[in-house]
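> Residue numbers (my numbering), protein chains in the order written: chain A, 1 to 227; chain B, 228 to 473.
Right, I'll just put the structure down here and ask away after.
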């Protein structure tokens with residue numbers, strides 16, 4: 001254990017304004033400063049220092065709460081938060097409707113292109129003699145359909161990802177609304193509200209990789225990865 | 228049992244300690260220690276009230292049981308971070324000077340985080356309010372400013388109730404208290420200061436709401452400032468009133 005980590009932990013543990021969760025986190029971070037790689041130890045010390053700074057600001061009366069403790073002062077802030085959540089939710093919902101429609105269209109286009117690339121040579125073979133001119137035209141049609149199908153599928157993937165992120169925002173906004181309701185009833189639940197803002201501002205849905213073999217043939221893609 | 232006390236000396240009233248010495252006091256108080264220092268009217272025991280157990284130790288050492296403990300602040304902006312001050316409170320606070328030592332009882336600020344609003348008054352044996360003082364003792368202000376938090380300001384008394392103005396007696400009383408509390412680990416520092424001439428300890432005043440919801444001036448403890456004088460101060464327009472109302 002480095003002396004700095006010990007001193008920081010002592011300050012947090014002895015402060016009357018530190019919450020039990022903060023003390024537990026500080027103890028864990030203090031322990032983490034002695035294990036793992038140098039980078040992990042440094043990260044633990046840095047987080048411990050951040051907790052200590054937050055406690056110091058609170059002790060000095062400088063930490064500004066998100067919502068005032070006084071119910072009268074808190075009421076307009078909470079009303080504003082509710083209005084904010086509702087307005088953003090309405091926008092997110094309307095965008096989600098548009099994206100969902102677009103997502104379906106691109107998926108249908110992708111399937112249509114794939115069908116053309118498959119059916120064009122089959123129909124050609126069944127309905128007429130195979131000449132070199134016809135083969136060239138069919139090959140061009142199949143090639144265009146394949147490229148078009150891949151592009152449509154990629155656009156579908158992007159719209160699908162956008163839709164999922166918007167759905168994620170809808171969930172976080174519902175959480176935010178619930179946190180505001182909870183705060184009206186129990187003013188000590190500010191951390192829940194702070195967490196809901198974290199949920200709203202962060203992305204939990206990872207971005208898709210560009211078109212790869214696995215997009216077209218998942219098993220082949222995974223086999224290639226393993227090798 | 229022997230007790231180690233680090234002593235710093237102030238040559239004249241109004242002097243401040245050099246940075247190296249004030250740093251040693253800060254280190255002792257940050258470690259949960261106590262400091263004997265001259266307050267407005269007598270020697271007082273200072274500690275960091277935000278460290279668990281320190282206010283209780285102050286009361287234990289001074290044999291005060293669960294008496295309310297007032298705080299001394301380094302500056303008015305620091306006071307304003309902890310308590311809500313209206314024009315009534317400002318009148319009392321503005322009038323406090325060397326010959327008018329006043330401890331003001333004011334409501335804990337609504338802007339403070341919940342943990343502070345709950346924990347600080349509870350640690351000082353009050354409910355929803357703090358006893359605050361902007362001391363005329365520069366060393367007391369210097370210590371608070373150095374820590375960037377208020378410090379406890381509990382007057383040291385003789386057994387007969389007289390405030391202690393002798394440095395040696397203050398040391399003896401505090402060390403006896405620490406021995407009585409079987410505490411031999413708490414760091415102890417002290418600041419020696421030329422004798423202070425005062426009629427008594429500070430008067431403790433504040434406002435409370437009566438049954439009809441009106442703010443009523445209350446003198447919780449009559450000290451060096453008589454109640455009559457407190458009422459006079461509270462009813463007098465101040466320069467701040469004129470500034471705020473015009």
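Positions of the beta carbon are idealized from the N, C-alpha and C atoms, including for glycine.
Look at residue 110 of chain A and residue 143 of chain A and say whether their C-beta atoms are less than 9 Å apart.
Here residue 110 of chain A refers to the residue found at position 110 of the first chain. Here residue 143 of chain A refers to the residue found at position 143 of the first chain. Contact flag unset, no.
> Could you say which of A/134, A/42, A/115, A/152 lies nearest to residue 104 of chain A if we only look at CA atoms?
Taking the first residue of the first chain as position 1, residue 104 of chain A is located at position 104. The shortest Cα separation from residue 104 of chain A among A/134, A/42, A/115, A/152 belongs to A/152.
> Can you list the residues of chain B that residue 17 of chain A reaches, using a CB-CB cut of under 7 Å?
Along the first chain, read from residue 1 onward, the residue named residue 17 of chain A stands at position 17. 277, 342, 343, 346, listed in chain order.
> For chain A, is any of its Cβ atoms less than 9 Å away from the one on residue 238 of chain B?
Here the question's residue 238 of chain B lines up with position 11 in the second chain. It does not; no Cβ of chain A falls within 9 Å.
> Closest to residue 359 of chain B by CA distance: which of B/309, B/382, B/326, B/285 is it?
Translated into the one-based positions of the second chain, residue 359 of chain B becomes position 132. Comparing Cα-Cα distances from residue 359 of chain B to each of B/309, B/382, B/326, B/285, the minimum goes to B/309.
> With a floor of 3 residues, list each beta strand (DSSP E) that falls wholly inside the region 269-296 of chain B, ordered by position along the chain.
DSSP runs (the beta strand (DSSP E)) wholly in the region 269-296 of chain B: 270-273.
> Just to confirm my understanding: we take residue 26 of chain A, look at its own chain, exclude 5 residues before and 5 after, and list those with CB closer than 8 Å. What are they?
Here residue 26 of chain A corresponds to residue number 26 of the first chain, with the count starting at 1. Only 8, 9, 12, 13, 18, 48, 51, 52 meet the Cβ criterion.
> Decide yes or no for the touch test of the region 294-302 of chain B against the region 334-354 of chain B: beta carbon pairs closer than 8 Å, at least 3 of them.
Yes: the two stretches touch, three or more of their Cβ pairs being nearer than 8 Å.
> Can you find a CB in chain B that lies within less than 9 Å of the CB of residue 223 of chain A?
On the first chain, position 223 is the one that residue 223 of chain A refers to. With a pLDDT of only 48 at residue 223 of chain A, under 50, the local geometry of the prediction cannot be trusted, and no value is derived from it.
> Is DSSP giving residue 67 of chain A helix, strand or coil here?
The sequence position of residue 67 of chain A within the first chain is 67, counting from 1. Looking at residue 67 of chain A - three-state DSSP - the assignment turns out to be coil, as it is neither helix nor strand.
> Please state if the CB of residue 357 of chain B and the CB of residue 391 of chain B are separated by a distance shorter than 9 Å.
Taking the second chain and counting its residues from 1, one reaches residue 391 of chain B at position 164. Taking the second chain and counting its residues from 1, one reaches residue 357 of chain B at position 130. Taking 9 Å as the Cβ cut-off, residue 391 of chain B and residue 357 of chain B do not qualify as a contacting pair.
> Check distances from the C-beta atoms of the region 372-404 of chain B to those of chain A and list, in chain order, the residues that come in under 7 Å.
The residues in question are 375, 376.
> State the Cα-Cα distance for the pair residue 431 of chain B and residue 448 of chain B, rounded to the nearest angstrom.
Translated into the one-based positions of the second chain, residue 431 of chain B becomes position 204. Translated into the one-based positions of the second chain, residue 448 of chain B becomes position 221. The alpha-carbon atoms of residue 431 of chain B and residue 448 of chain B are separated by roughly 5 Å.
> Could you check whether the Cβ of residue 184 of chain A sits closer than 9 Å to any Cβ belonging to chain B?
In the first chain, counting from the first residue as 1, residue 184 of chain A sits at position 184. No, residue 184 of chain A lies away from the interface with chain B (no Cβ there is under 9 Å from its Cβ).
> For residue 61 of chain A, would you say it is in contact with chain B, using Cβ-to-Cβ distances shorter than 9 Å as the test?
Reading the first chain from its first residue, position 61 is the one you call residue 61 of chain A. It does: the Cβ of residue 61 of chain A has a partner Cβ on chain B nearer than 9 Å.
> When the Cβ atoms of the region 259-276 of chain B are set against those of the region 415-429 of chain B, are three or more pairs found closer than 8 Å?
Output reads yes: the region 415-429 of chain B touches the region 259-276 of chain B.
> Below 9 Å on C-beta distance, what does residue 53 of chain A contact in chain B?
As a first step, residue 53 of chain A must be located in the first chain, where it is residue number 53. Those within 9 Å of residue 53 of chain A in chain B number zero; the least Cβ separation is about 13 Å.
> Mind checking the region 90-114 of chain A against chain B and listing, in chain order, the residues whose C-beta falls within less than 9 Å of any C-beta there?
Those would be none; no residue qualifies.
> Taking 8 Å as the cut-off, does the region 170-190 of chain A touch the region 77-87 of chain A (at least 3 CB pairs, one atom from each stretch)?
Flag = yes, the region 77-87 of chain A and the region 170-190 of chain A touch.
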